[in-house]
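Sequence positions in the sequence shown follow full-length UniProt numbering and run 1 to 392.
The beta-carbon is built from N, C-alpha and C at its ideal position, and this holds for glycine as well.
The model shown is predicted, which means the values in this text are computed figures rather than measured ones.
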Amino acid sequence: MATVGRSKNNKTTINARRVTYAAEHLMAEILNELLRIKEPYHMIAGHIRKTSLWNQLEQRQRNRILKVATKENYEHFDIQLSYKVLKILNTIPPPTNGWGRYPDITETSVGDDIERIRKYRNKFAHKGKCKITDSKLTEWFSKFQSVAKRMEDYLDKRNGEFTEKFSTFETGSNDDNRDTLMNTIKLAKEEIDQKRLENDNSNINGTSIVQIKDWKKIDEKFVSTDLCENVIKKMEEHNVLTVYGKSGIGKSATIHHVALVLLDQSQYEIFPCRSPKDIEKNFKKNARQVFVFDDVCGRYSAIQDEINSWLAYESFLMRIAKERNVKVIVSCRLQVFKEEQFQRICFLKECAIEFTDNLITPDQRRSIFKKYLNSDLKPAIENVINKCDSFH
């Protein structure tokens, strides 16, 4: 029975990877081809520079646009950048409900499908660890192929030029094909992640790149909880957030996961920091940046020198916190957060979330245990969970 359960879990995980890859990368190929036909390589940089979009773009996005003329392709454009460019150039009729609004099922213009592609990408960009059943897999690929087919017609492509790729990724023909497919997905994702860290984040030092790689590796086993979802929601509403709680409750893993979400979903640059001086050193106006601090101001008790440093930079930090593209996310030990000296740092306590055991549901505990422990330990896991529940 355990083998059957593992096989089923493996299948739903593979399904999730298929859907995620299709939403992020196969859809990006369609937009890249649309751009190739609508905007000549040698003209895009000049056209975008004349628009308001140019000043809103991050430096790495500008670099990608400037490289188009020499590379003579749009392969290095992700969905977010292609969407922005297509929207500002006005070479495509706008969606029925306007840009940024999800179209109704009956609305199928090319602009509507560009909106669908963006929404699909955003939905699955962070759900590589979710599980998708066979029926849901079929449902999602049906939606993807409908968009792909309409794009084939719009661009006067050979029948199946886009849709056949989705068919291949959805099913494969046998187990060997499936293994080859999953290896392709894994290698492609690793290559993309590597380029994103080494090229796009060229102003981040080597130590930080290693740190972020370590976070990504650990994040492979991350289990999202209600606490994590609350942090993500708060980060949408606030630019500065402090997560505090006792040692070992998952504060650092959570803020690292949230930073990776911002990187993958919204193209933020991640800056692991030790001092507020690091923010001053790396801050770039109009760039999307997230500054991450672990165990701020001490691990066991408040360190006065660190508190003094935060107080000295507080007026500067308050100013940049008003920048819409800057995020600061901090973890803090419970005992440090409650110390009187720490409470003087208004910047760090304005928006704070306490992590406590009773905010993690039994099902979420099970998922966490299963990520790290052998399934043979299930009775012991249930015993621990039941004991935890009896104290809440």
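In terms of Cβ geometry, residue 268 and residue 260 do not form a close pair [threshold 7 Å]. Excluding the 5 residues flanking it on each side, residue 78 has same chain C-beta neighbours closer than 7 Å at 28, in chain order. Bounds of any beta strand (DSSP E) do not take in residue 341, whose DSSP letter is neither H nor E. Non-local C-beta neighbours of residue 314 in its own chain, meaning closer than 6 Å and more than five positions away in sequence, comprise 347, ordered along the chain. Only buried fits residue 151, as 16 or more other CB atoms lie within 10 angstroms of its CB.
Secondary structure note for residue 228: its alpha helix (DSSP H) is the uninterrupted segment 226-237.
Going by DSSP, residue 83 is part of the alpha helix (DSSP H) stretching over 79-89.
Non-local beta-carbon contacts of residue 272 in its own chain, meaning distances under 6 Å to residues more than five positions away in sequence, involve 208, 211 and 292 in chain order.
If you draw a straight line from the Cα of residue 236 to the Cα of residue 158, it comes to about 42 Å. Residue 75 carries a coil assignment under DSSP once its states are collapsed to helix, strand and coil. In this chain, the alpha helix (DSSP H) harbouring residue 166 covers 163-170. Fewer than three beta-carbon pairs drawn from the segment 99-110 and the segment 134-145 are found closer than 8 Å, and the two stretches are therefore not classed as touching. If you draw a straight line from the Cα of residue 322 to the Cα of residue 283, it is about 13 Å long. Using a Cβ distance threshold of 7 Å, residue 114 and residue 19 do not count as a contacting pair. With fewer than 16 neighbouring CB atoms inside 10 Å of its own CB, residue 42 falls in the exposed class.
The beta carbon of residue 335 is closer than 8 Å to those of 300 and 301 in its chain, skipping five residues each way along the sequence.
When DSSP states are grouped into helix, strand and coil, residue 148 belongs to the helix group. Straight-line measurement puts the Cα of residue 217 at about 37 Å from the Cα of residue 44. Contact between residue 30 and residue 231 does not hold, since their C-beta atoms are separated by about 33 Å, which reaches or exceeds 8 Å. For residue 327, the enclosing beta strand (DSSP E) has its first and last residue at 326-333.
The beta carbon of residue 169 sits closer than 6 Å to those of 18 and 22, all from its chain and outside the five residues before and after it, given in chain order.
Our two residues, residue 52 and residue 165, have alpha carbons roughly 36 Å apart in a direct line.
For residue 35, the enclosing alpha helix (DSSP H) covers residues 27-38. Nearest to residue 82 by C-alpha distance, out of 97, 48, 102 and 55, is 48. By DSSP's assignment, residue 352 forms a beta bridge with 242. Taking each of 38, 153 and 317 in turn and checking the Cα distance to residue 241, the smallest one comes out for 317. Taking a C-beta distance under 7 Å as the contact criterion, residue 249 and residue 329 do not qualify as a contact pair.
By the Cβ-count criterion, residue 134 is exposed, with fewer than 16 other Cβ atoms from all chains shown falling within 10 Å of its own Cβ. Separation of the CB atoms of residue 265 and residue 125 is rounded to 5 Å, and the pair is thereby assigned contact status at 8 Å. Just so you know, the alpha carbons of residue 110 and residue 238 end up roughly 35 Å apart. Residue 341 and residue 307 do touch by the CB rule: their CB atoms are close to 5 Å apart, below 8 Å. Within the model, the alpha-carbon separation for residue 86 versus residue 275 is close to 40 Å. Around residue 145, the same chain offers 163 and 166 as residues with beta carbons nearer than 6 Å, after the five sequence neighbours per side are excluded.
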